[in-house]
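Right, one structure below, let's go through it.
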Amino acid sequence: MTSRSDPREMKPPDYDQSTLLLPFADAPSIVQAHQKDKQTEAILSVKLERFFRSLKGQLFTNACTEEISIVAKLMYFGLTTLAGSKTLGEEYVDLVYVSRTGKELVKRYKKLLFVLSYALGPLVVSRILRRWGSGSDDSDSKDKTYSYRRILDIFLNVHLVLFYFSGSYYDVIKRILGMRYAIGHKVNPNEAKFRTSNSNTYKFLGHILLLKVASEKLPATLQYLKKLLVSEGTDSANDMKVCGGNGVDASHYYIKGIPDESRLSHIDLSDKSQLPFIPEVSRTCILCLNLMVDPSCTPCGHLFCWNCIVSWCKERAECPLCRQKSHPQQVLSIR
Amino acid sequence: MSRIVKEYKKIKKVLEGHGEAFENLIVQLAPVNEYDLLSWKATIRGPSDTPYNGFSIGLTIKIPSDYPISPPMVKFEPYKMPHCNVNFQTGEICLDILTRQHWSPAWDLLHVLKAIEQLLQEPVPESPLNVDIANILKEGDRTAYTGLVRYYFCGGT
Ligand SMILES: [Zn+2]
Ligand SMILES: [Zn+2]
Numbered sequence: 001m002t003s004r005s006d007p008r009e010m011k012p013p014d015y016d017q018s019t020l021l022l023p024f025a026d027a028p029s030i031v032q033a034h035q036k037d038k039q040t041e042a043i044l045s046v047k048l049e050r051f052f053r054s055l056k057g058q059l060f061t062n063a064c065t066e067e068i069s070i071v072a073k074l075m076y077f078g079l080t081t082l083a084g085s086k087t088l089g090e091e092y093v094d095l096v097y098v099s100r101t102g103k104e105l106v107k108r109y110k111k112l113l114f115v116l117s118y119a120l121g122p123l124v125v126s127r128i129l130r131r132w133g134s135g136s137d138d139s140d141s142k143d144k145t146y147s148y149r150r151i152l153d154i155f156l157n158v159h160l161v162l163f164y165f166s167g168s169y170y171d172v173i174k175r176i177l178g179m180r181y182a183i184g185h186k187v188n189p190n191e192a193k194f195r196t197s198n199s200n201t202y203k204f205l206g207h208i209l210l211l212k213v214a215s216e217k218l219p220a221t222l223q224y225l226k227k228l229l230v231s232e233g234t235d236s237a238n239d240m241k242v243c244g245g246n247g248v249d250a251s252h253y254y255i256k257g258i259p260d261e262s263r264l265s266h267i268d269l270s271d272k273s274q275l276p277f278i279p280e281v282s283r284t285c286i287l288c289l290n291l292m293v294d295p296s297c298t299p300c301g302h303l304f305c306w307n308c309i310v311s312w313c314k315e316r317a318e319c320p321l322c323r324q325k326s327h328p329q330q331v332l333s334i335r
Numbered sequence: 001m002s003r004i005v006k007e008y009k010k011i012k013k014v015l016e017g018h019g020e021a022f023e024n025l026i027v028q029l030a031p032v033n034e035y036d037l038l039s040w041k042a043t044i045r046g047p048s049d050t051p052y053n054g055f056s057i058g059l060t061i062k063i064p065s066d067y068p069i070s071p072p073m074v075k076f077e078p079y080k081m082p083h084c085n086v087n088f089q090t091g092e093i094c095l096d097i098l099t100r101q102h103w104s105p106a107w108d109l110l111h112v113l114k115a116i117e118q119l120l121q122e123p124v125p126e127s128p129l130n131v132d133i134a135n136i137l138k139e140g141d142r143t144a145y146t147g148l149v150r151y152y153f154c155g156g157t
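Structure follows, in structure tokens:
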């Protein structure tokens, strides 16, 4: 924790690719260092909590756990990384920071940026997402927040896959800032072999994770993007939404295996050639007050849109007009 | 949401076009804010041959997000309403069609106001929210009923 980086390393001897300042660290040691640091951070956080509890009481501590953990992070990395020494984890497996190319040491301002964004980043991101989420009750903005979360999630997963394959950056912020780990000593051939075999295990993990991400996220994401493209074209006014409501469509959307709404053929009574035997006065749905889409009838013979009547019959199994029994499964679509 | 937009258009048409059955009842029925159709205010005329005759009565209507699956929430506001089926303090109305069990999505806000008019014409003292007025009605004391309603409407003077 206190050992400063060796002055010998300060001057890069050569800019040739083969003669790096120090060999890049392998994925297993980076993970090990990271875990050790997390552990230490947690211990520090608990100590701080105890300190605040004795000082300010339980209520204050409970209300401020997030802030206390930020203080713990700032303290830990401020006193180690920022002060120019190693963290306990880095000390444990002997790692030092080098630049993206591995030819220089990492500048001080980057370390400062790292410490600040590491401590405050999660809070800021979660606040922003929450604000977007609660900004309005509008289901559109909820949708949007959901999609940002989704994109963030995919981004983090891709980042992790990259780490497992290349063993370069375990922390997103370090990837952005270009703070790579190198091994802090000369590596003899035996050790190098051992490290390579360890890294290969991680590559295997990377393959598995990649498969998992691809199979889980890709179909939903593609579908989502498609929906965005489609809806941008058509949905200009809020008047556009067909009966059944926005919420119903959106929730259908994320369930896998349900065919895309736009691909189903709808019977829209605003088209006069559709079901011409239904007289003009009967073509409006009393529930949504629009011309019916997918006209459907209850056992008593009253007509409504499919979406309108099914969502009502799920709430109460009776006809809205005459109150006769009508279970959702008894509603018949007219074709 | 789409349904309440449609309803708003229909209501505007009905209130502008004269001669409808609502002319004697509705003074005003509109959203508080054009951009938020989930919050409405209404003013109705006290029906003739009731103690409410000659008074304007205010109502607020909240449209739930799953309207018309769920019924609108209607209250007498901002003025206190002396009626045996209305909570005098909160303005809450005891009216079966406004409950989840009896509401039908085939009804709209105009139906709701009609039903409220009917409640003013035919109070139901058997299920009271205002026991004092219910008792007067049960005793059949019409004069006391009228007197009490007028007393409250004229601000207690
Ligand atoms: Zn409909
Ligand atoms: Zn029916």
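Note that the protein sequences, when read in sequence, are chains A and B.
Residue numbering for the first sequence follows full-length UniProt numbering, beginning at 1 and increasing consecutively.
Residue numbering for the second sequence follows full-length UniProt numbering, beginning at 1 and increasing consecutively.
We put the CB at the ideal spot given by N, CA and C, even for glycine.
Would you say residue i reaches chain A, if we count a Cβ-Cβ gap shorter than 8 Å as a contact?
i                 : result
Ser48 of chain B  : no
Ile69 of chain B  : yes
Lys114 of chain B : no
Lys6 of chain B   : yes
Lys10 of chain B  : yes
Ser2 of chain B   : yes
Report the option in the options whose CA atom is closest to the CA atom of residue i.
i                 : options                                   : result
Tyr8 of chain B   : B:Trp103, B:Glu23, B:Trp40 and B:Glu126   : B:Trp40
Arg152 of chain B : B:Glu23, B:Tyr52 and B:Ser2               : Per the sequence presented here, residue 152 of chain B reads as Tyr, with Arg not at that position. Tyr152 of chain B has its Cα closest to that of B:Tyr52, out of B:Glu23, B:Tyr52 and B:Ser2.
Leu113 of chain A : A:His185, A:Ile278 and A:Lys174           : A:Lys174
Leu22 of chain A  : A:Ile208, A:Lys110 and A:Ala192           : A:Ala192
Tyr170 of chain A : A:Tyr148, A:Val187, A:Asn188 and A:Gly206 : A:Gly206
Asp268 of chain A : A:Ser326, A:Asn307 and A:Cys300           : A:Asn307
Glu90 of chain A  : A:Val187, A:Gln32 and A:Leu120            : A:Gln32
Gly301 of chain A : A:Leu287, A:Cys322 and A:Cys288           : A:Cys322
Gly91 of chain B  : B:Val74, B:Leu110, B:Val149 and B:Asp36   : B:Val74
Pro68 of chain B  : B:Gly155, B:Val149, B:Thr99 and B:Ile4    : B:Ile4
Asp108 of chain B : B:Asn33, B:Ile97 and B:His83              : B:Ile97
Asp95 of chain A  : A:Phe194, A:Ile30 and A:Gly121            : Before going on, a small fix: residue 95 of chain A reads as Leu here, not Asp. Residue A:Ile30 is the option with its Cα nearest to Leu95 of chain A.
Leu37 of chain B  : B:Gln121, B:Pro82, B:His111 and B:Thr60   : B:Thr60
Ala30 of chain B  : B:Leu113, B:Ala134 and B:Pro123           : B:Leu113
Under 7 Å from any heavy atom of ligand 1, does the C-beta of residue i make it?
i                 : result
Cys297 of chain A : no
Asn290 of chain A : yes
Leu269 of chain A : no
Leu287 of chain A : yes
Cys154 of chain B : no
Cys313 of chain A : no
Cys308 of chain A : yes
Ignore the nearest five residues each way along the sequence and tell me which others in residue i's own chain have a CB closer than 7 Å to its CB.
i                 : result
Gly245 of chain A : At Gly245 of chain A, the pLDDT of 43 sits below 50, so the modelled position is not reliable and the matter cannot be decided from this model.
Val115 of chain A : Leu74, Phe77, Gly78, Thr81 and Leu82
Asn24 of chain B  : Arg45
Ala42 of chain A  : none
Lys10 of chain B  : none
Considering only heavy atoms of ligand 2, does any lie closer than 7 Å to the CB of residue i?
i                      : result
Leu321 of chain A      : yes
residue 336 of chain A : With chain A covering only 1 through 335, there is no way to say anything about residue 336 of chain A.
His327 of chain A      : no
residue 346 of chain A : The first residue shown for chain A is 1 and the last is 335, placing residue 346 of chain A beyond what the model contains.
Cys300 of chain A      : yes
For residue i, which residues of its own chain have a beta-carbon under 8 Å away from its beta-carbon, when the five flanking residues on both sides are left out?
i                      : result
Pro328 of chain A      : Val310, Cys313, Lys314 and Ala317
Leu303 of chain A      : Ile278, Ser282, Cys285, Met292, Pro295, Ser296, Cys297 and Ile334
Phe24 of chain A       : Val98, Gly102, Gly167, Ser168, Arg180, Tyr181, Ala182 and Ile183
Thr201 of chain A      : Pro28
Val331 of chain A      : Ser296, Cys297, Thr298, Trp306, Ile309, Val310 and Cys313
residue 158 of chain B : Outside the shown range of chain B, which is 1 to 157, sits residue 158 of chain B, and nothing can be said about it.
Ser56 of chain B       : Val27, Thr43, Ile44, Arg45 and Gly46
Would you say residue i faces chain B, with C-beta separation under 8 Å as the test?
i                 : result
Pro328 of chain A : no
Asp311 of chain A : In the sequence as displayed, the identity of residue 311 of chain A is Ser instead of Asp. Yes, Ser311 of chain A counts as interfacial toward chain B.
Leu287 of chain A : yes
Asp290 of chain A : In the sequence under discussion, the amino acid at residue 290 of chain A is Asn, which differs from the Asp named in the question. Yes, Asn290 of chain A lies at the interface with chain B (some Cβ there is under 8 Å from its Cβ).
Who are the Cβ neighbours of residue i in its own chain at under 6 Å, not counting the five residues just before and after it?
i                 : result
Val242 of chain A : Annotation note: pLDDT 44 at Val242 of chain A (below 50); position unreliable, coordinate value reported separately. Only Val293 meet the Cβ criterion.
His159 of chain A : Val172
Ile70 of chain A  : Ala119
Ser3 of chain A   : A caution first: Ser3 of chain A carries a pLDDT of 46, below 50, which makes its placement in the model too unreliable to give a value.
Tyr79 of chain B  : Gly58
Ser117 of chain A : Ile173
* To do: Check distances from the C-beta atoms of the segment 97–110 of chain B to those of chain A and list, in chain order, the residues that come in under 7 Å.
  => Within the segment 97–110 of chain B, the residues whose Cβ lies closer than 7 Å to some Cβ of chain A are Ser104, Pro105 and Ala106, listed in chain order.
* If contact means a Cβ-Cβ distance below 7 Å, which residues of the segment 314–327 of chain A contact chain B? -> Listed by position along the chain: Glu315, Pro320 and Leu321.
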